[in-house]
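Please read the structure below before turning to the comments.
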Amino acid sequence: MSFSVDVLANIAIELQRGIGHQDRFQRLITTLRQVLECDASALLRYDSRQFIPLAIDGLAKDVLGRRFALEGHPRLEAIARAGDVVRFPADSELPDPYDGLIPGQESLKVHACVGLPLFAGQNLIGALTLDGMQPDQFDVFSDEE
1 MSFSVDVLAN IAIELQRGIG HQDRFQRLIT TLRQVLECDA SALLRYDSRQ
51 FIPLAIDGLA KDVLGRRFAL EGHPRLEAIA RAGDVVRFPA DSELPDPYDG
101 LIPGQESLKV HACVGLPLFA GQNLIGALTL DGMQPDQFDV FSDEE
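Here full-length UniProt numbering is used: the sequence shown runs in plain steps of one and ends on residue 145.
So, in structure tokens, the structure goes:
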């Protein structure tokens with residue numbers, strides 16, 4: 001599956017339907033999870049070397065109250081340092097910050113993980129993460145997509 005103009009247009013339309021930022025963030029995350037058919041997605045704000053969830057879909061609700069310090073989460077640190085999309089190999093030794101936090105899959109580890117750092121100019125302001133339980137979850141996408 002690739003991103004088409006129609007898919008991107010639908011995401012833009014969905015974002016305009018919400019009243020507040022929180023609703024828009026949630027609609028974005030929910031729509032991306034549906035379109036990309038992944039098990040979990042999160043929009044994170046970056047502040048003082050930690051990521052703070054703004055909106056989640058497919059993760060335990062208590063994730064919204066957590067803070068993910070980069071020092072304790074090497075995948076998030078790699079995303080923060082990247083200038084582009086980071087796709088972690090399914091056999092990565094780095095622990096996923098959401099292991100055990102996908103409802104119904106608490107005893108399993110996340111196998112597929114993609115992270116996109118978000119910038120305002122040259123400043124890191126957040127990240128978007130997409131996670132899947134199947135190792136080949138994102139194999140249908142090329143690195144350019």
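We put the beta carbon where it would ideally sit given N, CA and C, even for glycine.
Predicted, not measured: the structure shown is a model, and the values here were computed from it.
Can you give me the C-alpha to C-alpha distance between residue 1 and residue 62, rounded to a whole angstrom? On the sequence shown, position 1 is the one that residue 1 refers to. On the sequence shown, position 62 is the one that residue 62 refers to. The predicted position of residue 1 is uncertain, since its pLDDT is 44 and thus under 50; no value can be drawn from it.
Item to check | Same chain, Cβ closer than 7 angstroms to residue 58, neighbours up to 5 away in sequence not counted | outcome: Locating residue 58 in the sequence shown gives position 58, where the first residue counts as 1. 33, 39, 40, 41, 102, listed in sequence order.
* To do: Less than 8 angstroms between the CB atoms is what I'm expecting for residue 67 and residue 52, so what's the real figure, rounded?
  => Position 67 of the sequence shown, counted from the start, is the residue given in the question as residue 67. Position 52 of the sequence shown, counted from the start, is the residue given in the question as residue 52. About 6 angstroms; that satisfies the 8 angstroms criterion.
* What are the uninterrupted segments assigned as beta strand (DSSP E) that are 3 or more residues long and contained completely in the segment 69 to 102, given in chain order? -> 86 to 88
Query - Segment limits, beta strand (DSSP E) that includes residue 57 - result: Walking along the sequence shown from the start, residue 57 turns up at place 57. Start and end: 50 to 57.
State the CB to CB distance for the pair residue 91 and residue 110, rounded to an integer number of angstroms; the pair is presumed to be in contact (CB under 8 angstroms). Taking the sequence shown and counting its residues from 1, the one referred to as residue 91 is at position 91. Taking the sequence shown and counting its residues from 1, the one referred to as residue 110 is at position 110. Their Cβ separation, rounded to whole angstroms, is 13 angstroms, which puts residue 91 and residue 110 out of contact at 8 angstroms.
task: Look at the alpha carbon of residue 30 and the alpha carbon of residue 56, and state the distance between them as a whole number of angstroms.
output: As a working mapping, residue 30 is identified with position 30 in the sequence shown. As a working mapping, residue 56 is identified with position 56 in the sequence shown. Each residue's Cα considered, the two are about 8 angstroms apart.
- Message: Taking 6 angstroms as the limit between beta carbons, can you name the residues of its chain near residue 94, skipping five residues before and five after?
- Response: For the purposes of this step, residue 94 is taken as the residue at position 94 of the sequence shown. Taken in chain order, the residues that qualify are 74, 75.
query = Where does residue 121 fall in DSSP's three states?
reply = Against the sequence shown, residue 121 aligns to sequence position 121. If DSSP states are grouped into helix, strand and coil, residue 121 belongs with coil.
Look up residue 132 in the DSSP assignment and say whether it is helix, strand or coil.
-> Within the sequence shown, residue 132 is the residue found at index 132, counting from 1. Here residue 132 sits in strand by DSSP.
Quick one: what does DSSP say residue 137 is sitting in, helix, strand or coil? Taking the first residue of the sequence shown as position 1, residue 137 is located at position 137. Here residue 137 sits in coil by DSSP.
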